[in-house]
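Protein chains in written order, with the numbering used here: chain A, 17 to 262; chain S, 4 to 263. Notes follow the structure.
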Amino acid sequence: MRLVKPLAVLVLLIVLWWLYCHLTDIDPLVLPPPSAVWESLVHQPGLFWSNSLDTLRIVLIGFSISLLGGVAAAVLMTRYRLLEETFLPLAVASQVIPTIAVAPLLVIWMGFGQAPRIAVTALISFFPILINTVTGLKQVGEPYYDLAASIGASKNTRFRKIEFPHALPFIFAGAKMAITLAVIGAVIGEFVNAESGLGFLILRGSSQLETQLMLAALVWLAGMGLILFNLVRLAEYVAVPWERRR
Amino acid sequence: MAAITPILEIRDVVKDFTPKGKVIRAVDGVSLSLAQGEFVSIVGPSGCGKSTVLRMVAGLTGATSGEISLRGTHIAGPRPEVGIMFQSPVLLPWRSVLKNVLLPSETQRLGGDPRREAMELLEVAGLAGFENHYPSELSGGMQQRVAMCRTLLRQPDLLLLDEPFGALDSITREILNDELLRIARLRDMTVLLITHSIDEAVYLSDRVVLMSSRPGKVTGEWAIDMPTERSLETRELPAFGRYASDIRESLGIAHRGDDH
C-alpha cells in the first residue's frame, strides 16, 4: 500500500517526540508529550467536532465563492481581451499583499461575524483558480479553433464543447491548491476574529497555556485538510478521466 | 472531349498578411480549377502559401483579392459541402472515438442517422471495435483515420487535405494513401491535397500543381497520365519516376528562385 511509507515516517516522528519528552526535562508547557495531546483529543471530542464544523463551514463557503468566481472571471477575461489586460495584472499584484495583513482590515470593514472570515478564505483561494483556468482556456490552440470553424460551431458551442472541457484538468489543478489555501484562510480569519473554530481553539490553547490543545487542534486541521484535498482529487478522478489514461 | 464544368474555381487569388503594419504577400495571383471527381495535389517549398490557399478554399480566411467559388457560389466561410483535414488529427481527448466522429453532427443539423453513418465510416476505415476507445489509446495513424471519418461524416463533395499524413511513418502513410484514394473514388469526391511528398502527389493525383516560394504563384502543372488503378506497381512504372523527377527538378528551380 502506498500509505505505508508516509505512515511509517509519521510513527517514527511520534516515537522520537515521545522519546524527547521522556528523556529531556522539557517543560510540558513548551512541548507536551504525545499522551497529553491524545488525552486532549479523546476527552473532549465534542469540542473538536463542533469547532471543526465551524471552520469547515467557512472553508466550504469561501472555497465555493472562489471556485465559481475564479472560473467566471477567467472565462470573461478569455472572452474579452480588455478585461484581461485590465484586471489580470491587478489580480497578480494583489497576491503580493499578504492575506494575513488584509484580514484585520476586513474585520473593520465587514464587522464581526462570519463575513470577514469567509472573505479572507475566498480571497486567498481565488488566485490559483483564476490563473489556472485562464491558462487552461488559452491553451486550446489554433487547430481547435480551425476545427470548430470548419464544422460551423458558434462561439458558445465552441466554448461548451471544446474550450471548457479542455480547461477542466487545469481548473482541478487550481482547485487542489485552492482548497488547501482555503483551510489556511479560514484559520487566519479565526485568528483575527475569534469566535469559534479550530483556529479559535489554537488561540485559546495559547492564552490558557494549554499547548496540548493547540497541537490537538492542529491534528484536526491536518485531518480536515487531507480529507478535503482528497475529495477534490476524487472529483477530478471522476470528472477528468482522459488524463488518467496517460 | 466535352468541356468539364469546374466544381471549384480559384481565380487570381491574392492573400496579404499585415502583421504590425508591414504587408506580406503570401499568395500572389493563384488560379486553379478542379473538376468533379478530380484529385489534385499542390506541392511546393515550405512557406510558399499552399496552406494559405487551402484555408481560403475552406473558408477559414478570406482572400485579399480574387475569387474562390464552389459550383458558382462564392466561398465566404466554412461550408458543409467542404471538408478539411489538418496535419494533426485535432481529436478531443475527453471524447471517445465515436463521439469524436459525431462532433460535426452536434454543431450542424445533418440528415439521416449520423450515428449509423459514423459506425459505417469507422468500419470502412478499419477501426471497427475502437468506437469506445479514447484518442490517447490510439496510434498516430489511427487517430488520423478517426479525423478522416469525422471529416467525412457530413459527406462533403470537396475534400481539402493539409499534409494529413506528414506526421506519420512512411509505411502508415502509404497505407493511408490507398485508403484515401479508395474512399475518395467510392464517394466521387473532389480532392485538393497539400503535400511535401512528391511521390505521394504523383501517386494519388490526376494533376499535380507546383507553387513557387513566397509570394506563392503557380509555376507548373502536370497531368498525371497513369493507369487509374493505383497500386504498388504504379510506383515502379517508368512514368512515375519521370513525373517525380520532373517535378523535383522544377521544385529545385522554384526553391532556388527565392532570395530569402
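Every residue, glycine too, gets a C-beta built ideally from N, C-alpha and C. Just so you know, these numbers come straight off a predicted model, no measurement behind them.
### Query
In this structure, what does DSSP give as the bridge partners for glutamate 70 of chain S?
As a first step, residue 70 of chain S must be located in the second sequence, where it is residue number 67. Paired residues: S:Arg14.
### Query
At what residues does the beta strand (DSSP E) containing serine 28 of chain S begin and finish?
Translated into the one-based positions of the second sequence, residue 28 of chain S becomes position 25. Contrary to the premise, residue 28 of chain S reads as arginine rather than serine in this sequence. Its beta strand (DSSP E) spans residues 27-38.
### Query
So what does proline 45 of chain S bridge to, in DSSP terms?
Start at 1 with the first residue of the second sequence, and residue 45 of chain S comes out as number 42. According to the sequence as given, residue 45 of chain S is isoleucine; it is not proline. Bridge partners of isoleucine 45 of chain S: S:Ile197, S:Val212.
### Message
Between valine 208 of chain A and threonine 137 of chain A, how many whole angstroms is the CB-CB distance? I'm expecting something under 8 Å.
### Response
By 1-based counting over the first sequence, the position of residue 208 of chain A is 192. By 1-based counting over the first sequence, the position of residue 137 of chain A is 121. That belief does not hold up - the Cβ atoms of valine 208 of chain A and threonine 137 of chain A are roughly 12 Å apart, past 8 Å.
### Those runs of the beta strand (DSSP E) which lie wholly inside the region 78-115 of chain S and span at least 3 residues
85-88
### Query
With DSSP run on the structure shown, which of helix, strand or coil describes glutamate 226 of chain A?
Stepping through the first sequence from its first residue, residue 226 of chain A is reached at position 210. Looking at glutamate 226 of chain A - three-state DSSP - the assignment turns out to be coil, as it is neither helix nor strand.
### Query
For arginine 118 of chain S, which of S:Cys152, S:Leu162, S:Asp165, S:Arg210 has the nearest alpha-carbon?
Position 115 of the second sequence, counted from the first residue, corresponds to residue 118 of chain S. Sorting S:Cys152, S:Leu162, S:Asp165, S:Arg210 by C-alpha distance to the C-alpha of arginine 118 of chain S places S:Cys152 at the top.
### Task
Within 10 angstroms of the Cβ of aspartate 116 of chain S, are there 16 or more other Cβ atoms? Answer buried if so, exposed if not.
Position 113 of the second sequence, counting from 1, holds the residue named residue 116 of chain S. Answer is exposed; the Cβ neighbour count stays below 16.
### Query
If you follow the alpha helix (DSSP H) that valine 27 of chain A is part of, which residue opens it and which one closes it?
Against the first sequence, residue 27 of chain A aligns to sequence position 11. That run of the alpha helix (DSSP H) goes 20-39.
#### Entry: Under 7 Å by beta carbon: chain S residues contacting tryptophan 34 of chain A
Locating residue 34 of chain A in the first sequence gives position 18, where the first residue counts as 1. By Cβ distance, chain S contributes nothing, its closest Cβ being about 49 Å from tryptophan 34 of chain A, past 7 Å.
#### Entry: From S:His136, S:Pro9, S:Val149, residue whose alpha carbon lies closest to that of phenylalanine 89 of chain S
Stepping through the second sequence from its first residue, residue 89 of chain S is reached at position 86. Relative to phenylalanine 89 of chain S, the option among S:His136, S:Pro9, S:Val149 whose CA is nearest is S:Val149.
#### Entry: Bridge partner(s) assigned by DSSP for phenylalanine 20 of chain S
Start at 1 with the first residue of the second sequence, and residue 20 of chain S comes out as number 17. For phenylalanine 20 of chain S, which the question treats as bridged, DSSP gives the partners S:Ile27.
### Cβ shell of proline 159 of chain S (< 6 Å), same chain only, five flanking positions each side left out
Along the second sequence, read from residue 1 onward, the residue named residue 159 of chain S stands at position 156. Glu84, Val85, Gly86.
### Query
Can you tell me whether alanine 88 of chain A is buried or exposed, with buried defined as 16 or more other CB within 10 angstroms of its CB?
In the first sequence, counting from the first residue as 1, residue 88 of chain A sits at position 72. So alanine 88 of chain A counts as exposed.
### Beta-carbon proximity check, leucine 122 of chain A vs proline 132 of chain A, cutoff 9 Å
Within the first sequence, residue 122 of chain A is the residue found at index 106, counting from 1. Within the first sequence, residue 132 of chain A is the residue found at index 116, counting from 1. A Cβ-Cβ contact shorter than 9 Å links leucine 122 of chain A with proline 132 of chain A.
### Query
Of all the options A:Ile42, A:Trp65, A:Pro44, A:Lys21, which has the alpha carbon lying nearest to the alpha carbon of isoleucine 235 of chain A?
The sequence position of residue 235 of chain A within the first sequence is 219, counting from 1. The identity of residue 235 of chain A in the sequence shown is valine, whereas the question assumes isoleucine. Checked all of A:Ile42, A:Trp65, A:Pro44, A:Lys21; the closest Cα to valine 235 of chain A is A:Trp65.
### Task
Assign glutamate 211 of chain A to one of three DSSP states: helix, strand, or coil.
Here residue 211 of chain A is taken as the residue at index 195 of the first sequence, counted from 1. Glutamate 211 of chain A: coil per DSSP, three-state reduction.
### Task
Measuring alpha carbon to alpha carbon, tell me which of S:Ala61, S:Pro138, S:Cys51, S:Glu182 ends up nearest isoleucine 13 of chain S.
By 1-based counting over the second sequence, the position of residue 13 of chain S is 10. Out of S:Ala61, S:Pro138, S:Cys51, S:Glu182, S:Ala61 has the C-alpha closest to the C-alpha of isoleucine 13 of chain S.
### Query
DSSP three-state call for glutamate 236 of chain S: helix, strand or coil?
Here residue 236 of chain S refers to the residue found at position 233 of the second sequence. Glutamate 236 of chain S falls in the helix class under three-state DSSP.
### Query
Relative to the alpha-carbon of phenylalanine 79 of chain A, which residue among A:Leu104, A:Ala191, A:Ala232 has its alpha-carbon at the smallest distance?
If you number the first sequence from 1, residue 79 of chain A lands on position 63. Of the candidates A:Leu104, A:Ala191, A:Ala232, the residue whose Cα lies closest to the Cα of phenylalanine 79 of chain A is A:Ala191.
### Query
So isoleucine 178 of chain S and alanine 247 of chain S are in contact, right, with Cβ under 8 Å, and what is the actual spacing, rounded?
Start at 1 with the first residue of the second sequence, and residue 178 of chain S comes out as number 175. Start at 1 with the first residue of the second sequence, and residue 247 of chain S comes out as number 244. With a Cβ gap of about 20 Å, isoleucine 178 of chain S and alanine 247 of chain S do not count as contacting.
#### Entry: Whether proline 48 of chain S touches serine 208 of chain S by CB criterion (9 Å)
As a position in the second sequence, residue 48 of chain S is number 45, starting the count at 1. As a position in the second sequence, residue 208 of chain S is number 205, starting the count at 1. No, they are not a contact pair.
### Query
Which residues, in order along the region 141-163 of chain A, keep a beta-carbon less than 8 Å from a beta-carbon of chain S?
Pro159, Tyr160, Asp162, Leu163
### Query
Mind checking whether serine 44 of chain S and leucine 11 of chain S have CB atoms under 9 Å apart?
The residue labelled residue 44 of chain S in the question sits at position 41 within the second sequence. The residue labelled residue 11 of chain S in the question sits at position 8 within the second sequence. Their beta carbons are not under 9 Å apart, which means serine 44 of chain S does not touch leucine 11 of chain S by this criterion.
### Secondary structure of leucine 164 of chain S, DSSP reduced to three states
Position 161 of the second sequence, counted from the start, is the residue given in the question as residue 164 of chain S. It is a strand residue.
#### Entry: Alpha-carbon to alpha-carbon, tryptophan 34 of chain A and leucine 28 of chain A
By one-based count along the first sequence, residue 28 of chain A stands at place 12. By one-based count along the first sequence, residue 34 of chain A stands at place 18. The C-alpha of tryptophan 34 of chain A is placed about 10 Å away from the C-alpha of leucine 28 of chain A.
### Message
Pull the bridge partners of tryptophan 225 of chain S from the DSSP assignment, please.
### Response
Here residue 225 of chain S is taken as the residue at index 222 of the second sequence, counted from 1. Answer is S:Val211, bridged to tryptophan 225 of chain S.
### Message
9 Å is my cut-off, CB to CB: does glycine 168 of chain A come that close to chain D?
### Response
Absence of chain D from the displayed structure is noted, the protein chains being A and S.
### Closer than 9 Å to chain A by CB, glutamate 78 of chain S
Counting from one through the second sequence, the residue named residue 78 of chain S turns up at place 75. It is isoleucine, not glutamate, that sits at residue 78 of chain S in the sequence shown. It does not: the Cβ of isoleucine 78 of chain S has no partner Cβ on chain A nearer than 9 Å.
### Query
Can you find a CB in chain S that lies within less than 9 Å of the CB of threonine 173 of chain A?
Taking the first residue of the first sequence as position 1, residue 173 of chain A is located at position 157. Closer than 9 Å to some Cβ of chain S, the Cβ of threonine 173 of chain A qualifies, so yes.
### Query
If you draw a straight line from the C-alpha of phenylalanine 103 of chain A to the C-alpha of threonine 198 of chain S, how long is it?
Numbered from 1 along the first sequence, position 87 holds the residue referred to as residue 103 of chain A. Numbered from 1 along the second sequence, position 195 holds the residue referred to as residue 198 of chain S. About 44 Å.
### Task
Please confirm if the region 58-72 of chain A is in contact with the region 211-220 of chain A, defined as three or more CB-CB distances below 8 Å between the two stretches.
yes
### Contacts that tryptophan 258 of chain A makes with chain S (C-beta to C-beta distance below 7 Å)
Within the first sequence, the letter at position 242 stands for residue 258 of chain A. Within 7 Å of the CB of tryptophan 258 of chain A, the CB atoms of chain S belong to Pro96, Trp97, Tyr137, Ser139, in sequence order along the chain.
### Task
Report all residues from its chain with a CB closer than 6 Å to the CB of glutamate 259 of chain A; omit the five preceding and five following residues, and keep chain order.
As a position in the first sequence, residue 259 of chain A is number 243, starting the count at 1. Counting only Cβ-Cβ distances below 6 Å, and skipping sequence neighbours, we find Pro185.
### Task
Could you name the residues that DSSP lists as bridge partners for proline 9 of chain S?
As a position in the second sequence, residue 9 of chain S is number 6, starting the count at 1. S:Ala38.
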